[in-house]
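S.K.:
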């Protein structure tokens with residue numbers, strides 16, 4: 001079996017592996033992968049049906065669970081300190097010359113009870129410069145990776161079930177016509193049925209009083 005060793009990105013460029021205190025001992029970054037199933041008590045928490053009230057919807061109609069909910073489920077399953085999200089490799093940054101937005105990506109691995117559980121790339125698009133903006137973007141990319149890793153553990157798996165998504169949107173969401181404040185573009189945006197469009201529609205979009213002709 002071929003094992004690929006990564007640096008966490010904290011050790012500096014050029015370091016091609018994870019090491020113990022002894023520089024001559026490498027640690028397998030995939031240790032414990034698929035070694036055995038988690039205990040039934042833990043699996044029950046991980047795969048429990050999600051609370052309908054916890055689900056949010058993005059303007060494009062994509063359902064999601066707030067990132068803090070995933071952390072709480074992991075804490076309930078493994079206990080605080082019983083899981084960790086570790087960086088793999090350096091962060092990468094790309095700039096879109098058209099709108100001056102920047103995309104930052106970084107790969108992370110999720111460990112639970114000392115075992116490798118999953119791995120995913122987190123990403124986040126942001127605007128502006130400065131340490132504060134960059135720091136928030138890095139944290140957002142980390143949260144994105146956590147959500148993707150949790151998918152392999154069965155957390156909130158309903159959100160990837162087309163029938164569940166369709167039924168939830170029909171019962172708990174609505175779409176409204178909106179207009180872009182700068183370009184006058186018109187399109188339908190989604191929000192929860194219990195939210196006020198005037199407050200829930202993100203800037204620079206604004207809800208329209210009537211459907212466009």
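Numbering (UniProt numbering), first residue to last: 1 to 213. From the three backbone atoms N, C-alpha and C, an ideal C-beta is built for every residue, glycine too.
#1: Please report the Cβ distance between residue 108 and residue 85, rounded to the nearest whole angstrom; I am assuming they are in contact, meaning their Cβ atoms lie under 8 Å.
#2: Using a 10 Å radius around the Cβ and a threshold of 16 neighbouring Cβ atoms, would you call residue 133 buried or exposed?
#3: Mind pulling the alpha helix (DSSP H) runs of 4 or more residues that sit fully within the stretch 103-167?
#4: In terms of residues, what are the limits of the alpha helix (DSSP H) holding residue 197?
#5: Helix, strand or coil for residue 57, going by three-state DSSP, please let me know.
#6: Secondary structure at residue 65, three-state DSSP: helix, strand or coil?
#7: What's the C-alpha gap between residue 42 and residue 78?
#8: Three-state secondary structure (DSSP) at residue 175?
#9: Among residues of its own chain, excluding the 5 on either side of residue 21, which ones have a beta-carbon nearer than 6 Å to its beta-carbon?
#10: Enumerate in chain order the residues of its own chain whose CB-to-CB distance from residue 60 is below 8 Å, with the five nearest sequence positions on each side excluded.
#11: Can you have a look at residue 57 and say buried or exposed, based on whether 16 or more other CB atoms are within 10 angstroms of its CB?
#12: Which of the three DSSP states is assigned to residue 231 in this structure?
#13: Looking only at its own chain, which residues have a Cβ that is under 7 Å from the Cβ of residue 141, when we skip the five neighbours before and after it?
#14: Is the stretch 141-158 touching the stretch 113-122 in the sense that three or more CB pairs, one from each, lie closer than 8 Å?
M.R.: Let me lay it out:
#1: 5 Å
#2: exposed
#3: 131-151
#4: 197-200
#5: strand
#6: coil
#7: 7 Å
#8: strand
#9: In this prediction, residue 21 scores a pLDDT of 49, lower than 50, which makes its location untrustworthy; no coordinate-derived value is stated.
#10: 189, 190
#11: buried
#12: In the structure as shown, the chain starts at 1 and stops at 213, and residue 231 therefore has no counterpart that could be examined.
#13: 104, 105, 106, 122, 123, 124
#14: yes
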